[in-house]
Structures are given as C-alpha cells and as structure tokens.
Amino acid sequence: MALATGIGSMPGTDFAESIRIVLDTVGGLPHVPELPGRGVHAGMIGRTLSLLSGLEADLQPDGWRVGVGEGTDVRRARSLLAHDLDLAEEIAEGHTGPVKIQVTGPLTLAATVERPRGDKMLADHGARREISESLAEGLRDHVADVRRRFGQADLVVQVDEPAIAAVLDGGIPTASGWSRHRSVHPPEADALLRNVVEAIVAGGARPVVHSCAPDVPVELLAGAGFTAISFDLSLVRPDDIWAETFERGVDLWFGVVPSTDTAGVSDKDLVGRVRTFLDRFGFDVDEHADRLVITPTCGLAGASPQWAGRALELAAAAAERLEG
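To convert a position in the sequence shown, counted from 1, into our numbering, add 54.
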C-alpha cells in the first residue's frame, strides 16, 4: 500500500505536540520533525552540523562556520536534538514499521556553511570532501543511536539536498555576491553523496533523498545509491529518466500537498496529479502502490499550525485513495 509522510519541518516550538500530530496523521511512516521556530540551532543546517565528527562549527554574524571551535549554538543544537529524540522515543514507544529522520546533504552543507577564513566550503575541493566525510562519520553514530531508541522500527534516513541543482549548475553566489562558485561536476558530487549513502546503509538504515528544487538530477541521485527520490511534482518535467529510474527499483515520493496554507485542496485532485504522471509512462498505480509515498512539497515550517496538520491529513488521505 502507498504511504504518506512529512518532509521534515513543522511550525511552532512544541516538539511533543508536533510528534503526536505526525504519529496521528502519517503513522505508517512517521518522521522525527524539525522545529526551526525555536531558532537556527533547531533548523536543518544547525541540527546537521551538530552531528559532524571531527569538524566543529559555530554561528558567526554571517552564518554557520566550521573550523573555528565548538560554539554555544552547536552545543544547543546537540542538546535540542537529544531532547527531541528522548521525547520521540517516549511518545512513539512500541511503534513498529518505518521511522524517518532527516539530515542536510553534503552538497547543500558545502553551499551553506563557511570555511574558517570565510566564503563557502563549496569553494574548495578539499573542504567539500572534508564535510562529506565528517557528515558520514557522524551519521554512523547518529543512526546507531536512533536505531537503539526505535528498536522495533525500520529506520529511513532522508538526505535533504535543496541546493543540489544550483551546486551542479554553478548557481551559488560567492561571498561578494559578484560572481558564482564553480559548478561541482557529477563524478565529484557522486563521491560526496556516496560517502553519506554508504554510512546510512552500513548502519542498517534506508537512504532516501529529498530535493524540492527544479531540475532534480535523477540519474546522479539514483547512481549514488539512494533507494527513493522525494521531489516537488510541480517542479519536475516527466522525462524518461524518471521511468528508467523507477524501473531500476528507485521508489518515488511525490510532493503534491502545498507546504503553505492553501484553500480548495482535495485528496482526489492530488491523486489525479500522481496518476497523470505515472500514466504517462504506462505504470499501473495499483501494481506499484507499495513503492509510492505522498508528501507535502517541502517542509511545513512556514505553514500555520492548522495547515500543517491538515497537510499531513491530506497526504495520508491521498495515499489511501491512490489504491482506490
């Protein structure tokens, strides 16, 4: 059967309330939510930097920077993550089936985080490799910790890469804003992603990748070893590469529920969009339903609390209807 889940972030600051909403609405594939409303240390970048191994980070006036020693913000990020996992373990006690956690991928980290002397880590080949390896090593410990907490669950690790298309196309601005960083070529991008994928698999978890950007590099992501691609359906072209990738065994997670408050959305309409996409390639939805997941288009941090709950309800209803 098809499943539904959230991408990651939720509005507000009450983690216990958020995880309960997640379990009540998308309990077949719940995710451990991120609540960036609590501050930068609770967002996707800060939370992921708290996992790095051998590479300390701190928050500077112009953003996150590595190699300048451990700061109070990254310590706060570690504390919040541990607190959230403690609550999730308690509230979801006895949960069986999959559970999803999220981390920021190495390409987006490199495009966002600065080197000790300024400018993005993206600017330096060695720095890009260093942050990928540090993330992979930190993930080994993180995956082991989460697996221990959810002993009866199958762990899914979603790697968020919102900046991947811009990184590959040379679209990330330099610190001056007058030029762009050079593009990262696919073979190097593959190696950086593969470090992370292999760490996830070694921990006994399933690697999934999410990008809500246009021009998702489907072939690159599938080649790096991800078992599913999560994407915003409204931003992709139904090229044959999607069909070829699906036939190779990579599952598709359809982002169709608006991530901000929107009136007049029905689960029937959402299912129609998914069916139209699959019908183009001749795939029978009923035959492949167990390889499909319905999600919001992106994180829900910018939604009202009411819409965040409604969005997850719509995703769950669409997943159920998908087989009808």
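Even glycine gets a Cβ: it sits at the ideal position worked out from N, Cα and C.
No Cβ-Cβ contact shorter than 8 Å links alanine 259 with leucine 289.
Around the C-beta of alanine 229, fewer than 16 other C-beta atoms lie within 10 Å, and the residue is accordingly described as exposed. The three-state secondary structure of arginine 101, taken from DSSP, is helix. Sequence-distant partners of valine 167 (beyond 5 residues in either direction) whose C-beta falls short of 8 Å from its own C-beta, in its chain, are Ile99, Leu103, Ala111, Gly117, Trp118, Arg119, Val120, Lys174, Met175 and Ile185.
Counting other Cβ atoms within 10 Å of its Cβ, serine 358 stays below 16 and is therefore classed as exposed. About 6 Å separates the Cβ atoms of valine 272 and tryptophan 296, confirming a contact at the 8 Å cut-off. It is roughly 12 Å from the alpha-carbon of arginine 74 to the alpha-carbon of glutamate 147. The straight-line gap separating the alpha-carbon atoms of leucine 106 and valine 200 is approximately 16 Å. For glutamate 187, same chain residues with a beta-carbon under 7 Å away, outside a window of 5 residues either side, are Asn249 in chain order. Distance from the CA atom of histidine 264 to the CA atom of phenylalanine 280, rounded to whole angstroms, is 10 Å.
Straight-line spacing of the CA atoms in phenylalanine 335 and arginine 182 works out to 37 Å.
Our two residues, serine 233 and isoleucine 226, have alpha carbons roughly 9 Å apart in a direct line.
Here the alpha carbon of glutamate 124 sits roughly 15 Å from the alpha carbon of valine 94.
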